[in-house]
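Protein chains in written order, with the numbering used here: chain P, 1200 to 1402; chain C, 12 to 763.
We put the beta carbon where it would ideally sit given N, CA and C, even for glycine.
The structure presented is a predicted model; accordingly, all values stated were derived computationally and were not measured.
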Amino acid sequence: MTKSSKPPKPGLSRRSFLGSSGAVGAAMGLAGSKAQAQDAPELAAQEQRHISLTVNGQRRTLGVEPRTTLVEALRDVLGLTGTKIGCNQGQCGACTVLLDGRRINSCLTLAVTADGADVVTVEGLADPTGNLHPMQQAFAENDAFQCGYCTPGQILSAIACIDEGHAGDAAEIREYMSGNLCRCGAYPNIVAAVEAVRDGQEG
Amino acid sequence: MAQTINTAVTRTDAPRKVTGTATYAADVLPAGMLHGALATSSIAVGTLTSLDTSAAEAEPGVVAVLTHETLPDYKTVKGFYAGGPGSASFWPMEGPEIKYAGQPIAYVVAQTAAAARRGAQLISAEYEVGTPNIHMDPADSFVIGAQGDNKGMVTTKGDIDAGLAEAAQTVDVEYTTPFQHHNPMEMFSATAEWRGDRLTVWMPSQSVRTLRGGIAAAYDLPETSVRVISPFVGGAFGSKAGITPYTMLTIAAAKAVGAPVRLIVTRPQMYTVATFRPESVQKFRLGADANGKLTAFEHIEIAQTSQFDAVVNPGTHITRAMYASPNIHTEQRLARSDTNTGGFMRAPNEMQTFFGLEQAMDELAHKVGVDPVEMRRVNDTDRHPVEDVPFSSRSLMECYDSVSEGFGWQNRTPEPGSMTDGDWLVGYGCATATYPTNILASNARVRMQGTGNAYIELAAHDVGTGSYTIFAQIAAARLGLPVGACDVVMGEADLPVAPLSGGSTTAASAGSAVHDACLRIARMVATEVTARSEGPLAGLDPAQVTLDDGVLRGPGGQSQPLVEALAATAAGEVEAVGEFRHPALTDQLIRATFAGGYGTAGPVTPEFAMFAFGAEMAEVHVHRWTHEIRVPRLHGSFAAGTILNRKTAHSQLMGGMVWGIGSALHEITEVDKPRARFLNANIAEYLIPVNADVREVRVEMLDEQDDYVNPLGVKGIGELGIVGTAAAIANAVHHATGKRLRKLPIRMSDLV
């Protein structure tokens, strides 16, 4: 654990951006209140911790703040932007990755709690020669997306759905894929893709 | 290669989308990038009296806090409905004035996203608080046109009162629809990087040229100094068209701190920093004779708008085109309340108005005692009922016949509550869908190489609609190349002009420009190879040479594949800019599109009325004891001219129908009335359909030829699927239960 030195602040000094000073307290209850302000130093130590993750089969060591979420570590620290943020509050499933084989919302997972874990993201599904994972292939062929934004999360969730044994029939797939929202409304095609991979694996 | 069009082609961008390598706006990480976060107002109306930023500034990692007093200057632009590029005409942080809840009041820049968010939480504001109204008062409504006049916003044909008086049956009913939010899965974001006076903005956009033009105007920059990049968009549905406050604030913040800044708008803030579907009231008075034939048609739409814009989405212009009636009266009205400016959300003129119209028709059919499908048949028309021009094509009843057969409409017994399945009450409902064929000017550049490759470039967008794929298909079909050999480059403002991707126009308008570019390439190649001394076409009159599915053909049966002919030319490569200029487009409309605006002609021209049509049928199950509502089957048949890609078109129509399920049963932005705030501002409490809500959705696409709309015969389909769904479900709920529900969304509690 090392304490990082803060990089110099770019551009103008923030002191030049002071607004009307002196006013304290929130008359109408903005989220930030006086009480929260007093807690701030403890919450925002800015102390970096070094963690190590196995991401898509590769050992990676990285420095994160205690408050950094796994999805932010993947995207902003490791540059693995295939994992998407759709709500950042655990509601939509766009950030789904496999953590030690289980599907999780990486926006609700602090990176430090994943120290030592095995993480699979959408970038880790194709084989080293670039052949798509059967679920990736099935999503493409079944047009199981339109905009593609929820797709990495859907694909990882779909792989886990089969692995968990929750792909028995269409109704079960629909139920166990309902944690991943798709605003384009590709659900019937997502179910078809999961069925295709399930049947391919059985056959 | 002719088979390229109207077949099921897998998306060309599918490999990128399933591997996570499609680059969305927030995936870019410019060197030295900082993170932005918004603090927003907790009150709806009033004035900031103080803003304490000291705690935020003391937060480790926070670099700067911008307020209305410290924000760098830029010129504000007008909102879309006032003819400008903005999402609204009122710009926050220009002063202390607060006009809606969730209005940005400060912008925090920090080294990490977490620090920025924390900084935003630490800002304290004091206000002088006014008294807001978030709901419009329909009694205080007024008629206004998009240009500030009343032109076209009131229709009168015949005598509506006389028509009602002579009717055998009448309905006089009112329907209401709520505030709704687009909620694309991709959160709103903007990343801005200044290098001297050159600016690059990455932002998910339905209109990169609107963005570039507006940003350049705001900073007095030549457009060539501003790059706007948006290659992939994670859903838009109307929410990513104009320049929003968060765009402008991020650009200003990047300028202030001298480093690139990225803002990802939080999901709750997405409810207030961009647009939404305004709430509405739909009033119908219809009269029919004993056979169900309309004698009177009156529709008055009252839609909500902000205090500072007039959001005119004229739904009455669409409803009045549906059915023949000798007496017609429509009014397009607005009423103001204290929100940010709404806008266009998937089928902005149609979703809410057809929830009204198609239930009113069902109510009237029930009173008259005719089958609801027959009700539409006796009122079908081949001429626009008001404008009195023929439809360029209208296959409404073909759609009804198609969907009836597949759905099994003949099994419906007319009496409400007469069909059951165990403890479930079963209802069948139907509704008409339509969408106007809007026409906009477009250009497209195509470069073809004799080695068998083509590059298609235009400032259009693929918001999930499949544009990358269909443009490649069009070029492949015309040039005689495999789809995979046609690379499409889009989503950059520097590319040839293409219109805003909204109003279901991209395939029809931009696609026609791609088509035209290919024809120009053929003419150029023909001119060169006919002038040569050797070759199958040597010596022919180039004017006599035609292009037929990638093959140049002479009048005497001579032929040569275009790619071979091109390979024989001096350069072995050719480039052409294609244009789509429909005769209905005036110079003014073309210039509007070139300026980044929305210069649309149609759906009614002096010659024709242009609409796509569809018919939807829903089976609804309502549990006898719990009143749980389920939609086990939803079928739709649609006729929208040429279907370019049967796979992506199917997905668009199906997705629209899923949206319709959402509108019918789930979607409403609830409000905290005393404080005029949106209450369920997240994607768990704002309900949208999840996988388990969607069972059988069947889509049929009928063949329809329309040579007037554009050279490809394409009508838009991006919005068509949603239009009839909510009414079909509401009608089915009535059929199942005998209860007529005139308010969206329909909930179990309405049936208790």
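query: Beta-carbon proximity check, C:Ala252 vs C:Gly513, cutoff 7 angstroms; result: yes
query: Reduced DSSP category for P:Leu1269 - H, G, I as helix; E, B as strand; rest coil; result: helix
query: Where P:His1249 falls: helix, strand or coil (DSSP); result: strand
query: Residue span of the alpha helix (DSSP H) that contains C:Trp670, given as start and end; result: 657-676
query: Spatial neighbours of C:Met668 in its chain, beta-carbon cut-off 6 angstroms, leaving aside the 5 residues before and after; result: Leu645, Gly647, Val708, Gly732, Thr736
query: P:Lys1208, DSSP secondary structure in three states; result: Below a pLDDT of 50, predicted positions are generally treated as unreliable, and P:Lys1208, at 37, falls in that range; the measurement from the model is reported next regardless. Three-state result, P:Lys1208: coil.
query: Separation of C:Ile672 from P:Asn1379, as counted between CA atoms; result: 17 angstroms
query: Stretch-stretch touch, CB-based, cutoff 8 angstroms, three pairs: the segment 1343-1356 of chain P with the segment 631-638 of chain C; result: no
query: C:Trp764 (DSSP reduced to helix, strand or coil); result: What is shown of chain C runs 12 to 763, which leaves residue 764 of chain C out entirely.
query: Cutoff 6 angstroms; reference P:Ser1204; Cβ partners in own chain excluding five residues on either side; result: For P:Ser1204, the predicted model reports a pLDDT of 37, less than 50, meaning its position is unreliable and no value from the coordinates is stated.
query: Alpha carbon of C:His328 to alpha carbon of C:Gly269, nearest angstrom; result: 49 angstroms
query: C:Glu426 burial status per 10 Å Cβ neighbour count (16 or more: buried); result: exposed
query: Burial state of C:Thr235, where buried means 16 or more other Cβ atoms lie within 10 Å; result: exposed
query: Per-residue contacts from P:Arg1382 into chain A (C-beta, under 7 angstroms); result: Absent from the structure: chain A. Protein chains present are P and C.
query: Cross-chain neighbours of P:Ala1385 in chain C, by beta carbon under 7 angstroms; result: Ser662, Gly666
query: Beta-carbon proximity of C:Ser53 to C:Ala285, cut-off 7 angstroms; result: no
query: Alpha helix (DSSP H) runs wholly inside the segment 1324-1390 of chain P, at least 4 long, in chain order; result: 1333-1340, 1350-1362, 1369-1375
query: Interface partners of C:Lys294 on chain P, CB under 7 angstroms; result: Chain P residues near C:Lys294: none, gap ~30 angstroms exceeds 7 angstroms.
query: C:Tyr334 in three-state terms, based on DSSP; result: coil
query: Test item: CB-CB of C:Arg531 and C:Ala587 under 7 angstroms; result: yes
query: Given 8 angstroms, three or more beta-carbon pairs between the segment 507-525 of chain C and the segment 468-484 of chain C; result: yes
query: Neighbour-count burial assignment, P:Arg1258, 16 or more Cβ in a 10 Å radius; result: exposed
query: Status (buried if at least 16 other CB within 10 Å, exposed otherwise) for C:Asn449; result: buried
query: Within-7 angstroms CB hit, P:Arg1266 to chain C; result: yes
query: CB contact below 7 angstroms: P:Asp1317 versus chain C; result: no
query: Simplified DSSP state of C:Ile728, which is helix, strand or coil; result: coil
query: Cutoff 6 angstroms; reference P:Thr1308; Cβ partners in own chain excluding five residues on either side; result: Leu1269
query: Which residues DSSP lists as bridging C:Thr166, in chain order; result: C:Thr341
query: Paired residues, beta bridge with C:Gln180 - DSSP; result: C:Ala299
query: Backbone CA spacing between P:Glu1322 and P:Val1296 [nearest angstrom]; result: 10 angstroms
query: Classification of C:Asp527 by the beta-carbon crowding that lies within 10 angstroms, buried from 16 upward; result: buried
query: CB contact flag (C:Ile240, C:Glu409, <7 angstroms); result: no
query: Three-pair Cβ contact test at 8 angstroms for the segment 740-755 of chain C versus the segment 533-540 of chain C; result: no
query: Distance between C:Leu490 and C:Met333 (C-alpha atoms, nearest Å); result: 39 angstroms
query: Proximal residues to C:Glu630 (C-beta, below 8 angstroms), its chain only, five neighbours per side dropped; result: Phe418, Val437, Gly438, Tyr439, Val642, Pro643, Arg644, Leu645, Ala743
query: C:Cys410 (DSSP reduced to helix, strand or coil); result: helix
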